[in-house]
Amino acid sequence: MSTEHSASVPDRATAGAAPAPSAEAARLRTRSLWAGLLLVPATVLAGILALASENAARCVGYREGCSTTPPWFYLATLAVAVAAWIHTLCTPDAAPPAASRKAAFWTLIGAECAFLLLVLTSTG
């Protein structure tokens, strides 16, 4: 009698479980994780390359010939990148990844590239 009863009742662990993520969704999550984590070493490298330019000594020493980009623009690109990164990582996995997740991933890549370009051109 107990075997018939347990066969007719769905398993509680599988009844409320979400569907398994697709390979594409998992790959998108992994790529966005690495893109966000590699921003720090990429920024250090971009800063070193910016300091190796011809105008770097004059910009750092005398504040002449530096970029005129306002500081809030750096923060704005970082804020967009962080928001896109959080959205990409926190969107639930589905069989096909959500279109907003793909858009957030490419927004993350674009914002990081814009930030790195600003760092590269910061010393003139």
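Numbering (my numbering), first residue to last: 604 to 727. For glycine and all other residues, C-beta sits at the position ideal for the given N, C-alpha and C. Since we're looking at a predicted model, the values are computed, not measured.
{"Item": "6 Å CB neighbourhood of C662 in its chain, flanking five on each side removed", "Value": "G668, C669, T726, G727"}
{"Item": "Straight-line gap, T691 to I651 (C-alpha atoms, nearest Å)", "Value": "29 Å"}
{"Item": "Secondary structure of R661, DSSP reduced to three states", "Value": "helix"}
{"Item": "Sequence-distant residues of its chain with Cβ nearer than 8 Å to A645 (five each side left out)", "Value": "E715, L719"}
{"Item": "Three-way DSSP call (helix, strand, coil) for S729 in this model", "Value": "No answer is possible for residue 729: the residues shown for the chain start at 604 and end at 727."}
{"Item": "Beta-carbon proximity of A717 to A687, cut-off 8 Å", "Value": "no"}
{"Item": "Option in L641, E627, A626, T724 with minimal Cα separation from L711", "Value": "L641"}
{"Item": "Cβ-based burial, R704 [other Cβ within 10 Å; buried from 16]", "Value": "buried"}
{"Item": "Between the CA atoms of V722 and P674 - distance to the nearest angstrom", "Value": "11 Å"}
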